[in-house]
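Novice:
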Amino acid sequence: MVDQGRVIVGVSGSVSSLAAVHRAVREAQYRDAELVPVAAWLPSDELLRPLSELEHAARRRLDVIFEQAFGGYPAGLLLRPRVVRAEAGPALLAAADRPDDLLVVGAGRPGRPPAGGPFTLRHGSVARYCHAHARCEVLVVPASDLLADLEHAVHGWSWPTPTRLA
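Quick note on the working numbering: the sequence shown kicks off at -6 and runs consecutively.
#1: Taking only runs that begin and end inside the segment 24 to 72, name each unbroken alpha helix (DSSP H) of 4 or more residues, in chain order.
#2: For the alpha helix (DSSP H) containing G82, list its first residue and its last residue.
#3: Mind checking if V119 is an interface residue toward chain C, Cβ cutoff 8 Å exclusive?
#4: For the alpha helix (DSSP H) that R121 lies in, which residues bound it at each end?
#5: I'd like to check one pair, I1 with L71: are the Cβ atoms closer than 8 Å?
#6: Touching or not, the segment 58 to 66 and the segment 75 to 93, by the rule of three or more beta carbon pairs under 8 Å?
#7: Out of E48, E20, A120 and Y66, which one is the CA nearest neighbour of A79?
#8: Going by C-alpha distance, which of R53, H126, R128 and P74 is nearest A17?
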(Lines of atoms letter the chains of each structure in order from A and count residues from 1; the text may use other names and numbers.)
(Lines give C-alpha, C1' and ligand atoms only; values in the text may rest on other atoms or scores of the structure.)
Protein backbone atom coordinates (compact mmCIF):
# COMPACT_ATOMS: atom_id res chain seq x y z
CA MET A 1 0.00 0.00 0.00
CA VAL A 2 1.27 3.48 -0.86
CA ASP A 3 1.65 5.88 2.05
CA GLN A 4 -1.18 8.31 1.37
CA GLY A 5 -0.65 10.97 4.02
CA ARG A 6 -2.49 11.55 7.25
CA VAL A 7 -4.82 14.07 8.80
CA ILE A 8 -4.63 14.07 12.60
CA VAL A 9 -7.42 15.76 14.56
CA GLY A 10 -7.73 16.50 18.27
CA VAL A 11 -11.00 15.38 19.84
CA SER A 12 -12.04 16.90 23.16
CA GLY A 13 -15.83 17.01 22.91
CA SER A 14 -16.00 20.83 22.74
CA VAL A 15 -17.78 22.80 19.99
CA SER A 16 -14.44 23.83 18.49
CA SER A 17 -13.39 20.17 18.53
CA LEU A 18 -16.57 19.27 16.67
CA ALA A 19 -15.76 21.95 14.07
CA ALA A 20 -12.19 20.58 13.82
CA VAL A 21 -13.53 17.06 13.22
CA HIS A 22 -15.79 18.35 10.42
CA ARG A 23 -12.85 20.10 8.78
CA ALA A 24 -10.49 17.14 9.27
CA VAL A 25 -12.92 14.77 7.56
CA ARG A 26 -13.21 17.16 4.58
CA GLU A 27 -9.41 17.47 4.41
CA ALA A 28 -8.93 13.68 4.59
CA GLN A 29 -11.49 13.16 1.83
CA TYR A 30 -9.93 15.86 -0.35
CA ARG A 31 -6.40 14.53 0.17
CA ASP A 32 -7.42 10.86 0.07
CA ALA A 33 -5.61 10.61 3.40
CA GLU A 34 -5.86 8.49 6.50
CA LEU A 35 -7.84 10.18 9.32
CA VAL A 36 -6.38 9.84 12.82
CA PRO A 37 -8.72 11.23 15.50
CA VAL A 38 -6.90 11.53 18.84
CA ALA A 39 -8.56 11.73 22.25
CA ALA A 40 -6.02 12.46 24.99
CA TRP A 41 -6.83 11.99 28.64
CA LEU A 42 -5.18 12.30 32.02
CA PRO A 43 -6.38 11.16 35.41
CA SER A 44 -7.62 14.03 37.53
CA ASP A 45 -6.99 14.43 41.25
CA GLU A 46 -10.70 15.15 41.63
CA LEU A 47 -11.79 11.86 40.09
CA LEU A 48 -11.48 8.68 42.07
CA ARG A 49 -12.62 6.44 39.23
CA PRO A 50 -10.43 3.56 38.02
CA LEU A 51 -8.08 4.36 35.13
CA SER A 52 -9.83 1.83 32.88
CA GLU A 53 -13.08 3.77 33.35
CA LEU A 54 -11.36 7.04 32.40
CA GLU A 55 -9.86 5.45 29.29
CA HIS A 56 -13.27 4.05 28.35
CA ALA A 57 -14.76 7.56 28.73
CA ALA A 58 -12.13 8.92 26.32
CA ARG A 59 -12.90 6.14 23.82
CA ARG A 60 -16.59 6.93 24.16
CA ARG A 61 -15.84 10.64 23.50
CA LEU A 62 -14.50 9.66 20.05
CA ASP A 63 -17.63 7.66 19.25
CA VAL A 64 -19.94 10.43 20.48
CA ILE A 65 -18.31 13.25 18.53
CA PHE A 66 -18.49 11.29 15.27
CA GLU A 67 -22.08 10.33 16.08
CA GLN A 68 -22.93 14.01 16.66
CA ALA A 69 -21.04 15.21 13.59
CA PHE A 70 -21.95 12.54 11.02
CA GLY A 71 -24.30 9.99 12.59
CA GLY A 72 -21.32 7.64 13.04
CA TYR A 73 -17.87 7.16 11.56
CA PRO A 74 -17.82 8.33 7.91
CA ALA A 75 -17.75 5.58 5.31
CA GLY A 76 -15.02 5.54 2.71
CA LEU A 77 -12.26 6.91 4.97
CA LEU A 78 -9.38 4.98 6.45
CA LEU A 79 -9.71 5.78 10.17
CA ARG A 80 -7.21 4.96 12.89
CA PRO A 81 -8.64 6.42 16.12
CA ARG A 82 -6.24 6.75 19.06
CA VAL A 83 -6.90 7.15 22.76
CA VAL A 84 -3.78 8.37 24.53
CA ARG A 85 -3.06 8.82 28.22
CA ALA A 86 -1.19 12.12 27.94
CA GLU A 87 -1.66 15.87 27.86
CA ALA A 88 -3.47 16.96 24.70
CA GLY A 89 -0.72 19.04 23.05
CA PRO A 90 2.10 16.49 23.38
CA ALA A 91 -0.28 13.65 22.44
CA LEU A 92 -1.28 15.41 19.21
CA LEU A 93 2.33 16.20 18.31
CA ALA A 94 3.34 12.59 18.93
CA ALA A 95 0.58 11.47 16.54
CA ALA A 96 1.45 14.12 13.92
CA ASP A 97 5.11 13.16 13.70
CA ARG A 98 5.63 13.26 9.93
CA PRO A 99 6.44 16.43 7.98
CA ASP A 100 3.66 15.70 5.44
CA ASP A 101 0.96 15.25 8.13
CA LEU A 102 -1.79 17.81 8.61
CA LEU A 103 -2.73 18.48 12.24
CA VAL A 104 -6.23 19.91 12.72
CA VAL A 105 -7.17 21.41 16.10
CA GLY A 106 -10.04 23.48 17.40
CA ALA A 107 -9.28 27.09 18.26
CA GLY A 108 -11.09 27.02 21.57
CA ARG A 109 -13.42 29.76 22.73
CA PRO A 110 -12.22 33.36 22.50
CA GLY A 111 -12.38 35.35 25.69
CA ARG A 112 -12.36 32.32 27.98
CA PRO A 113 -9.46 30.50 29.54
CA PRO A 114 -8.88 27.16 27.82
CA ALA A 115 -10.39 24.07 29.38
CA GLY A 116 -8.20 21.05 29.89
CA GLY A 117 -6.64 21.15 33.30
CA PRO A 118 -3.07 21.80 34.29
CA PHE A 119 -1.53 21.51 30.83
CA THR A 120 -3.50 24.43 29.40
CA LEU A 121 -3.06 26.45 32.57
CA ARG A 122 0.74 26.12 32.33
CA HIS A 123 1.19 26.37 28.58
CA GLY A 124 -1.80 28.22 27.09
CA SER A 125 -4.15 26.70 24.56
CA VAL A 126 -3.55 23.36 22.89
CA ALA A 127 -3.80 25.07 19.48
CA ARG A 128 -1.05 27.55 20.41
CA TYR A 129 1.13 24.77 21.78
CA CYS A 130 0.71 22.67 18.62
CA HIS A 131 1.39 25.63 16.35
CA ALA A 132 4.56 26.49 18.25
CA HIS A 133 5.98 22.95 18.34
CA ALA A 134 4.59 20.99 15.37
CA ARG A 135 6.86 19.67 12.64
CA CYS A 136 3.97 19.60 10.18
CA GLU A 137 1.28 21.93 8.89
CA VAL A 138 -1.28 22.95 11.56
CA LEU A 139 -4.83 24.01 10.72
CA VAL A 140 -6.61 25.80 13.59
CA VAL A 141 -10.38 25.73 13.15
CA PRO A 142 -12.62 28.16 15.04
CA ALA A 143 -15.99 26.90 16.28
CA SER A 144 -17.65 29.36 13.91
CA ASP A 145 -16.57 27.13 11.00
CA LEU A 146 -19.16 24.58 12.12
CA LEU A 147 -21.82 27.28 11.75
CA ALA A 148 -20.44 28.12 8.30
CA ASP A 149 -20.66 24.46 7.27
CA LEU A 150 -24.27 24.31 8.44
CA GLU A 151 -25.16 27.56 6.64
CA HIS A 152 -23.56 26.25 3.45
CA ALA A 153 -25.52 23.01 3.70
CA VAL A 154 -28.81 24.84 4.24
CA HIS A 155 -28.37 27.95 2.05
CA GLY A 156 -25.60 27.01 -0.38
CA TRP A 157 -23.15 29.73 0.69
CA SER A 158 -20.13 29.69 2.94
CA TRP A 159 -17.93 31.93 5.05
CA PRO A 160 -14.19 32.37 4.46
CA THR A 161 -12.06 29.37 5.32
CA PRO A 162 -9.76 29.43 8.36
CA THR A 163 -6.16 30.48 8.08
CA ARG A 164 -3.57 27.73 7.85
CA LEU A 165 -0.66 28.02 10.24
CA ALA A 166 2.61 26.63 8.96
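Ideal Cβ placement from N, Cα and C applies to all residues, glycine included. Treat the numbers as computed from the prediction; the structure is a model and nothing was measured.
Specialist: The relevant details are as follows:
#1: 44 to 63
#2: A81 to A88
#3: Structure shown: chain C not included; a single protein chain is present.
#4: Residues V119 to H126.
#5: no
#6: no
#7: A79 has its Cα closest to that of E48, out of E48, E20, A120 and Y66.
#8: Closest option to A17, judged by alpha-carbon separation, among R53, H126, R128 and P74: P74.
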